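Engineer: Residue numbers (our numbering): 9 to 177.
Quick reminder that beta carbons are idealized off the backbone N, C-alpha and C, glycines included.
The structure presented is a predicted model; accordingly, all values stated were derived computationally and were not measured.
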Amino acid sequence: MNFPAVDLGIMAEHLPTHEGVISKLKIFKDIVDNQEIKKLLQLNIQMLREHVRAMLELIDPDHNGEVKLAELPDMDLNTEMLNLSEQEKDIVLEARAASKLMGSDNFNSALMMKDMNVKNIHIQMAYQDVRMQVLYNMVVEHVNGDFTPHVTEAMQSKTYEKYKHILKE
9 MNFPAVDLGI
19 MAEHLPTHEG
29 VISKLKIFKD
39 IVDNQEIKKL
49 LQLNIQMLRE
59 HVRAMLELID
69 PDHNGEVKLA
79 ELPDMDLNTE
89 MLNLSEQEKD
99 IVLEARAASK
109 LMGSDNFNSA
119 LMMKDMNVKN
129 IHIQMAYQDV
139 RMQVLYNMVV
149 EHVNGDFTPH
159 VTEAMQSKTY
169 EKYKHILKE
């Protein structure tokens, strides 16, 4: 497959990032005791390895044809088993941040890519990163790991009234 240089450059930059994140997640997996978090980290590692496989297949000059990204398997978290140490909470927060950054990077990269197969694969990767972030969010919320402030209904109504005219523009 012969594709634009920009696509190769972006993937050449992504691959060492994937290598580093996979390495970090493997270290985290060795540190944590909680089996649910171990399963979640393993799923994340498998997903990132699949992303690497797809990028290498795209880069391989001997490969012809469309490259497909494997689906991310569903995972059921047993929230009853989420009694985490402070270190495990920190690891989940860091893994969630990594998923968020990888998703953002994959999506922004897709916007710059020229080859449609390369572009679509990276959009799918971004979606899978978001799915991982959602799984980590479930853990964070269960263990009260962060705080999300909410606005008042009055503030929402005021904002709505201010901008509803745009629908008539």
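Using the Cα positions of G17 and V29, report the straight-line distance between them to the nearest angstrom.
Structural biologist: When rounded, the distance between both Cα atoms is 19 angstroms.
Engineer: Under the three-state reduction of DSSP, which class applies to E79: helix, strand or coil?
Structural biologist: Residue state, collapsed to three classes: coil.
Engineer: Expressed to the nearest angstrom, what Euclidean distance is found between the alpha-carbon atoms of K73 and L51?
Structural biologist: The residue you asked about is not Lys; residue 73 is Gly in the sequence shown. So the two alpha carbons sit approximately 28 angstroms from each other.
Engineer: Which class does P69 belong to by DSSP, given the choice of helix, strand or coil?
Structural biologist: Coil.
Engineer: Under the three-state reduction of DSSP, which class applies to N42: helix, strand or coil?
Structural biologist: In this structure, N42 counts as coil in the three-state DSSP scheme.
Engineer: H158 to S165, Cα distance in whole Å?
Structural biologist: Each residue's alpha carbon lies about 14 angstroms from the other.
Engineer: Alpha carbon to alpha carbon, how far is K176 from V14?
Structural biologist: The alpha-carbon atoms of K176 and V14 are separated by roughly 41 angstroms.
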